[in-house]
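Structure, as structure tokens:
Number of protein chains: 2
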Amino acid sequence: MGNKEQTQQKILMAVGELLAKDGFKKFGVNALARQAGVDKVLIYRYFGGLPGLLRSFGESADFWPTLDEIANGNLQEFRHKPLGEAVGELLVNFARALRKRPLTREIMAWEMLEPNELTTILAETREEWAQRLFATFSARLTETDLDLLAITALLGAAINYLIIRGRNTQIFNLLEINSDAGWKRLEESLLQLCRNCFAGTADG
Amino acid sequence: MGNKEQTQQKILMAVGELLAKDGFKKFGVNALARQAGVDKVLIYRYFGGLPGLLRSFGESADFWPTLDEIANGNLQEFRHKPLGEAVGELLVNFARALRKRPLTREIMAWEMLEPNELTTILAETREEWAQRLFATFSARLTETDLDLLAITALLGAAINYLIIRGRNTQIFNLLEINSDAGWKRLEESLLQLCRNCFAGTADG
DNA sequence: TTGACTTGTCACCGCATGGTGACTAATGAT
DNA sequence: ATCATTAGTCACCATGCGGTGACAAGTCAA
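Residue numbers (my numbering), protein chains in the order written: chain Y, 228 to 431; chain R, 228 to 431.
Encoded structure:
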């Protein structure tokens, strides 16, 4: 007789494997059961269906980078850097962290098409994450009259777009968005944008 | 007996209607024939299938804003504005033009997930468009040591993301990306980013 | 040994999809 | 009037999907 826990694990593993292999386009109960080498009825029995499975999967992995990873393990240090400097470096680290996570990129792409349990969990994680990050700098908002929220929204959106688009496109705006060289240029410009932008106002 | 040209028109119209109504998720021969009120076999007969139809559709519409629209009908004027000013305003107008085109937004979303005949046409249009725009300012590249291409890639990506994301999301980064008020903040920050960024170097 | 329960297998259902072949009915040229 | 062509209808196919009910086999308690 089989082992229930082991089967559940096989199914959970298969979610990540299938997403990484074929993307969310072909994602479904049948394909999932095939990937796991398991009968699909067990997905319904053990997880109550796809939504429940995605929920379980979402809670069992680290799709999103931690604040520590973004801050090179030293968030405190960033509180004392000039604002433009800090924002720029955080954004660059954020982009690097996402580039290393193909699974997260896939989920982010999925999010553009339709919401589901997995993308919802990702969105919640990100929301809480963003708020904690923002709170870290809330005391320094008076340093500038720029709209910090809108600026980070813009630059965060830029990173998201390039990350997602890079899954199946090499060139955007005459620029290689999949090579390290191309990203180097983007990172550099990201830093310059932030530095120059905040330089116009008082800096801490 | 029916009218061939009229039927072809009905089918072509249905492409836009269906995309606007249900997005590309449910896009297919059957749904398309239903929308057009026509038998699906005619799609194969008249267009050789979906790819051919998309090609025809793509060549029969103006998804992409013209350079004139982006430049308020006066591109020459932009050549004499300070570089940061010009880039910023062009980007803002670009965003506004896209916000007005739900169909284009849908195709842009499609493009992020998978390429097809329609997105290819859009990409080619945009590529040529970008090159002409870039050429307009090529003579002034010496004014700055910034990486103009990378910067416009970033800010263009930002706009694309927010445009696409706005289709089914209200809030991003604690910001309303679907209301006019939210976009006002984004536009303002976009302008400031460009102004401040280019201000550090010599400006024309 | 009996009987309840669990794990897993299998066959099946309804439905939608992309795609094709056979047909009807109108048109127009000879 | 005849006959080929054309526009459009319809039935059908294989395939894949999400989802369910019936059942075999193995486990454990009474």
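C-beta atoms are modelled at their ideal positions from N, C-alpha and C, and glycine is treated no differently.
query: Status (buried if at least 16 other CB within 10 Å, exposed otherwise) for residue 232 of chain R; result: exposed
query: The segment 362–376 of chain Y: positions lying closer than 8 Å to chain R by Cβ; result: 373, 374 and 376
query: Segment contact flag, the segment 324–344 of chain Y with the segment 372–392 of chain Y, C-beta cutoff 8 Å, min 3 pairs; result: yes
query: Per-residue contacts from residue 423 of chain R into chain Y (C-beta, under 9 Å); result: 373, 420, 423, 424, 425, 426, 427 and 428
query: Assigned secondary structure, residue 403 of chain R (DSSP; H/G/I helix, E/B strand, else coil); result: strand
query: Distance between residue 279 of chain R and residue 237 of chain R (C-alpha atoms, nearest Å); result: 15 Å
query: Minimum C-alpha distance to residue 402 of chain Y - residue among R:414, R:399, R:402 and R:379; result: R:379
query: Test item: CB-CB of residue 302 of chain R and residue 345 of chain R under 8 Å; result: no
query: Straight-line Cα distance separating residue 385 of chain R from residue 430 of chain R; result: At residue 430 of chain R, the pLDDT of 44 sits below 50, so the modelled position is not reliable and the matter cannot be decided from this model.
query: Proximal chain Y residues relative to residue 415 of chain R, where beta-carbon distance stays under 8 Å; result: 374 and 377
query: Alpha helix (DSSP H) runs contained entirely in the segment 255–289 of chain R, provided each spans 4 or more residues; result: 256–263, 268–274 and 277–286
query: Cβ neighbour criterion (16 or more within 10 Å) applied to residue 365 of chain R; result: exposed
query: Per-residue contacts from residue 320 of chain R into chain Y (C-beta, under 9 Å); result: Per Cβ cutoff of 9 Å: no residues; residue 320 of chain R is ~16 Å from chain Y at best.
query: Counted within 10 angstroms of its Cβ, other Cβ atoms place residue 423 of chain Y as buried (16 or more) or exposed; result: buried
query: Short CB-CB distance (under 8 Å) between residue 342 of chain R and chain Y; result: yes
query: 8 Å Cβ cutoff, residue 391 of chain R in contact with chain Y; result: yes
query: Buried versus exposed call for residue 414 of chain Y [16 or more other C-beta atoms within 10 Å across all chains shown]; result: buried
query: Cutoff 8 Å: residue 254 of chain Y Cβ touching any chain R Cβ; result: no
query: Span of the alpha helix (DSSP H) around residue 240 of chain R; result: 231–249
query: Burial state of residue 268 of chain Y (16 or more Cβ within 10 Å); result: exposed
query: Inter-residue CB distance, residue 247 of chain R and residue 329 of chain R (contact presumed, cutoff 8 Å); result: 6 Å
query: Integer Cβ distance of residue 382 of chain R from residue 417 of chain R, believed to fall under 8 Å; result: 7 Å
query: Where residue 430 of chain Y sits in the DSSP three-state scheme; result: Interpretation of residue 430 of chain Y is limited by its pLDDT of 44, a score under 50 that renders its predicted location unreliable; no figure is taken from the coordinates.
query: Entirely enclosed alpha helix (DSSP H) segments - the segment 303–337 of chain R, minimum 4 residues; result: 310–326
query: Identified DSSP bridge partners for residue 398 of chain R; result: R:403
query: Residue burial classification, residue 369 of chain Y (beta-carbon count within 10 angstroms, cutoff 16); result: exposed
query: As assigned by DSSP and simplified to three states, the class of residue 417 of chain R; result: helix
query: Cα-Cα separation between residue 324 of chain Y and residue 318 of chain R, rounded to whole angstroms; result: 28 Å
query: Closest residue to residue 412 of chain R among Y:295, Y:377 and Y:399 (Cα-Cα distance); result: Y:377
query: Interface partners of residue 405 of chain R on chain Y, CB under 7 Å; result: Per Cβ cutoff of 7 Å: no residues; residue 405 of chain R is ~13 Å from chain Y at best.
query: Neighbour flag for residue 383 of chain R against chain Y, beta carbons, 8 Å; result: yes
query: Where residue 299 of chain R falls, given that 16 or more other Cβ within 10 Å makes a residue buried; result: exposed
query: Straight-line Cα distance separating residue 305 of chain Y from residue 357 of chain Y; result: 15 Å
query: Local Cβ density within 10 Å of residue 262 of chain R, reported as buried at 16 or more and exposed below that; result: buried
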